Amino acid sequence: MQSEIDSINDAFVEARDEIEYAKEEAETVYFNESCDTARQAVAGVLDKYAAVLQRLSEQERGKLQRSMGLKMEQLKAEVADLDTLHD
Numbered sequence: 037m038q039s040e041i042d043s044i045n046d047a048f049v050e051a052r053d054e055i056e057y058a059k060e061e062a063e064t065v066y067f068n069e070s071c072d073t074a075r076q077a078v079a080g081v082l083d084k085y086a087a088v089l090q091r092l093s094e095q096e097r098g099k100l101q102r103s104m105g106l107k108m109e110q111l112k113a114e115v116a117d118l119d120t121l122h123d
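This is the structure in structure tokens:
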């Protein structure tokens with residue numbers, strides 16, 4: 037279980053990096069590709085998180101949601117913000 041949480045945390049960091057790269061490329065021809073990469077990274081994190089949640093008991097699920105839920109919402113918001121950066 038802890039290794040799965042560590043994997044989610046690692047993927048979270050990578051997804052945030054991809055979002056930052058996309059933001060840096062907002063006014064370049066590379067933005068669309070970077071944005072797609074960031075979206076895929078975020079989707080991967082959210083999928084891993086959802087898969088772990090499904091396997092947990094209600095009590096364990098609540099604990100994980102309290103510890104990681106805000107991070108997942110943060111990722112969703114940050115990737116959604118990419119849509120406002122490029123014409």
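Per our numbering, the very first residue in the sequence shown carries number 37; after that it's consecutive.
The beta carbon of each residue, even a glycine, is placed where N, CA and C say it ideally should be.
Just so you know, these numbers come straight off a predicted model, no measurement behind them.
Query: Report yes if the C-beta distance between Phe48 and Lys99 is below 9 Å; otherwise report no.; Result: no
Query: Could you check whether the region 70-78 touches the region 37-51, counting it as contact only if at least three pairs of C-beta atoms, one from each stretch, sit closer than 8 Å?; Result: yes
Query: Select from Val88, Glu94, Gln101, Leu121 the residue whose C-alpha is nearest the C-alpha of Ser39.; Result: Val88
Query: Starting from Met31, trace the alpha helix (DSSP H) in both directions and tell me its first and last residue.; Result: This structure gives no information on residue 31, because the portion of the chain shown stretches from 37 to 123.
Query: What separation, rounded to the nearest whole angstrom, lies between the Cα atoms of Glu109 and Leu82?; Result: 9 Å
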